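When we follow the working numbering, the leftmost residue of the sequence shown carries the number 48, and every step to the right adds one.
Structure first, then comments.
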Amino acid sequence: MEVSRKHLNGNERVHRLLGLLPTALQSIYSASQVHQVAERACAAIGEGLGAQTAFLLWYSDSERAFVGMPSGYGIDDATLSHIHLPAGMCAASDYAFVHNKPYISDQTDEEELLTSALRRNLRLTRLLTLPIRDEGHTRGVLHVVNKQGKPYDEADVAFALSIAQACGAALSLLHYRHYMERLAITDGLTGLFNRYHTETVLDERTHLAVQNQEALSVAVVYLDHLKYINDTYGYRTGDRALLSVARALQKSVGHQAILARYAGDEFVAVLPGASLREAQAQMQAVRDLIAQECWEPVGSLSVSIGVVSYPESAVPVDQLLSAAEDAAMAAKRHGRNQVVLVTPRCAA
């Protein structure tokens, strides 16, 4: 790792930090070690350039956003862990990431380089943003904030880049871990959560609902006639039908909802804070969206839905899912294409 002598003269701590990086890079096996590499690199860059702050944001493909890593220089971990900049919201991050070029600005008062809250927190006056790459892929960006003295120059950029690229491997590992973790809990076709994760989340949410005495609704959605669609029109058409149900759910429920493909034709929506009537309205919107769509070559699709709510339905919390499934099956038996509620009278 070659760095400019200009930034090393008389700075033993920068020397020491740079000496630790190669060893740290060879022993990255966990997220904590990724953060350790990032922290050392940010400290070396921040101190070498005489900057107030240096921190990394890694790019999450699934969230389409730059996410803070709790391991920067001159900024507390709590602030970093709350950074979430959607693509298109941060000009400096977007430029460095998309064009793979450094972005330098000494006139940030009039530019939307970072979100307003973060800019106020850092009292931003000067900013250097660098792309972080590994194996031909840009993994994130490095922000170096408020250099003291002269503006950033080419030597500063070269110094920061020579160190920052050491973080590329670390960010690649973080990217891979995030991808694998997401893969383990999602359905490959729809991108919704899978059965295993749904059961885990439902256990957590029911515990919180009881503890906080809050409403919790669960809906089970069956795609009607999936076997017929598969047998008649092929599995690709069946997959498209399943995707239509997933999209209708995503459009119709609140942002706190947990959505899952639970089995072949079965979807589950966990709706924290929703009463029975609120959940019914959301599921009716799902049913209407699907029923109104002109769907070739099948003609039309329909769903059968069961809805239960704690504590309103008077169903034990450990039986909410099975009660919603029973209600959805009742919707199937009574003609399909409808929403059936579990009321206290039904549960009795």
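The C-beta atom is built at its ideal place from N, Cα and C for all residues, glycine as well.
No experiment lies behind these values; they were computed from the predicted model shown.
Open item on the list: Could you compute how far the alpha carbon of Lys379 sits from the alpha carbon of Ser351?
Closed with: 6 Å
- [ ] Sort out for me which residues DSSP pairs Glu313 with in a bridge.
- [x] Tyr269
Task: C-alpha distance - Pro363 paired with Leu249, whole-angstrom precision - done: 13 Å
TODO: Give every residue of the same chain whose Cβ lies closer than 8 Å to the Cβ of Val188, excluding the five residues on either side of it in the sequence, and list them in chain order.
DONE: Leu103, Leu104, Tyr106, Phe113, Ala139, Ser140, Ala143, Phe144, Thr176, Leu177, Pro178, Ile179
Open item on the list: Taking the straight line between their C-alpha atoms, what separation do you get for Gly311 and Asp153?
Closed with: 56 Å
Task: Selected residue, minimal CA-CA separation from Lys274, among Ala266, Ala361, Arg283 - done: When each option's Cα is compared against that of Lys274, the closest is Arg283.
- [ ] Write down the C-beta distance between Tyr309 and Val315 rounded to the nearest angstrom, noting that I regard them as a contact closer than 8 Å.
- [x] In this structure Tyr309 touches Val315 by the C-beta definition: roughly 4 Å separates them, less than 8 Å.
Open item on the list: Comparing C-alpha positions only, which one of Tyr269, Leu318, His302, Gly95 sits nearest to Leu255?
Closed with: Put simply, of Tyr269, Leu318, His302, Gly95 the residue whose alpha carbon is nearest the alpha carbon of Leu255 is Leu318.
Task: Inter-residue Cα distance where the pair is Phe240 and Leu290 - done: Roughly 13 Å separates the two Cα atoms.
- [ ] Count the CB pairs spanning the stretch 370-379 and the stretch 252-272 that are closer than 8 Å, and state whether there are at least three.
- [x] yes
- [ ] Reducing DSSP to helix, strand and coil, say where Leu367 ends up.
- [x] Taken through DSSP and simplified to helix, strand or coil, Leu367 comes out as helix.
Open item on the list: Quick check: what's the CA-CA separation for Leu348 versus Ala338?
Closed with: 6 Å
Open item on the list: For Ile210, report the span of its alpha helix (DSSP H) as first-last.
Closed with: 201-211
TODO: Under 7 Å Cβ to Cβ from Gly320, same chain only, skipping five residues before and after it: list those, please.
DONE: Non-local C-beta neighbours of Gly320 in its own chain, meaning closer than 7 Å and more than five positions away in sequence, comprise Glu261, Ala262, Gln303, ordered along the chain.
Task: Three-way DSSP call (helix, strand, coil) for Thr284 in this model - done: helix
- [ ] Determine the extent of the alpha helix (DSSP H) in which Ala138 is found, giving its start and end residues.
- [x] Where Ala138 is concerned, the enclosing alpha helix (DSSP H) starts and stops at 138-146.
Open item on the list: Measuring CB atoms only, is the stretch 115-133 touching the stretch 86-93, in the sense that at least three cross pairs come out at less than 8 Å?
Closed with: yes
Task: Where the beta strand (DSSP E) containing Ala98 begins and where it ends - done: 98-107
Open item on the list: Distance check for Ala295 and Leu336, CA to CA, integer angstroms please.
Closed with: 6 Å
Task: Close Cβ partners of Thr70 (< 7 Å) along its chain, the five nearest in sequence each way excluded - done: With a pLDDT of only 49 at Thr70, under 50, the local geometry of the prediction cannot be trusted, and no value is derived from it.
- [ ] For Leu189, write down the residues that DSSP places opposite it in a beta bridge.
- [x] Leu103, Leu177, per the DSSP bridge assignment.
TODO: Note down the Cα distance separating Arg224 from Pro149, rounded to an integer number of angstroms.
DONE: 27 Å
- [ ] Taking 7 Å as the cut-off, decide whether the C-beta atoms of Leu236 and Asp286 are in contact.
- [x] yes
Task: Strand pairing of Thr233, partner residues [DSSP] - done: Phe240
Open item on the list: As a quick exercise: from Pro344, Arg383, Val354, Glu359, pick the residue whose alpha carbon is nearest that of Ala326.
Closed with: Among Pro344, Arg383, Val354, Glu359, the Cα nearest to that of Ala326 belongs to Val354.
- [ ] May I have the straight-line CA-CA distance separating Pro391 from Tyr243, to the nearest angstrom?
- [x] 29 Å
Open item on the list: Please classify Val5 as buried or exposed, where buried requires at least 16 other C-beta atoms within 10 Å of its C-beta.
Closed with: The structure shown does not extend to residue 5, since the chain is modelled only from 48 to 395, so the question has no answer here.
TODO: Answer yes or no: do Ile276 and Ala293 have a C-beta to C-beta separation smaller than 7 Å?
DONE: no
Open item on the list: In whole angstroms, give me the CA-to-CA distance for Asp108 and Pro133.
Closed with: 11 Å
Open item on the list: Here's the rule: buried if 16 or more other CB atoms are within 10 angstroms of the residue's CB, otherwise exposed. What is Cys341?
Closed with: exposed
Open item on the list: Measuring straight from C-alpha to C-alpha, what distance separates Ser360 and Ala307?
Closed with: 22 Å
Open item on the list: Judging by CA-CA distance, which residue of Pro358, Thr279, Met116 is the nearest neighbour of Arg186?
Closed with: Met116
Open item on the list: Between Leu171, Glu110, Ala207, which has its C-alpha nearest Ala85's C-alpha?
Closed with: Ala207
- [ ] Report, in whole angstroms, the separation of the C-beta atoms of Asn193 and Ala328, which I expect to be a contact under 8 Å.
- [x] Contact flag wrong, Cβ pair sits at about 50 Å.
TODO: State the start and end residues of the unbroken alpha helix (DSSP H) segment that holds Leu348.
DONE: Per DSSP, Leu348 belongs to no alpha helix (DSSP H) and is neither H nor E.
Task: Proximity winner among Asp181, Arg173, His381, Gln195, relative to Gln212 (alpha-carbon distances) - done: The residue from Asp181, Arg173, His381, Gln195 with its alpha-carbon nearest to that of Gln212 is Asp181.
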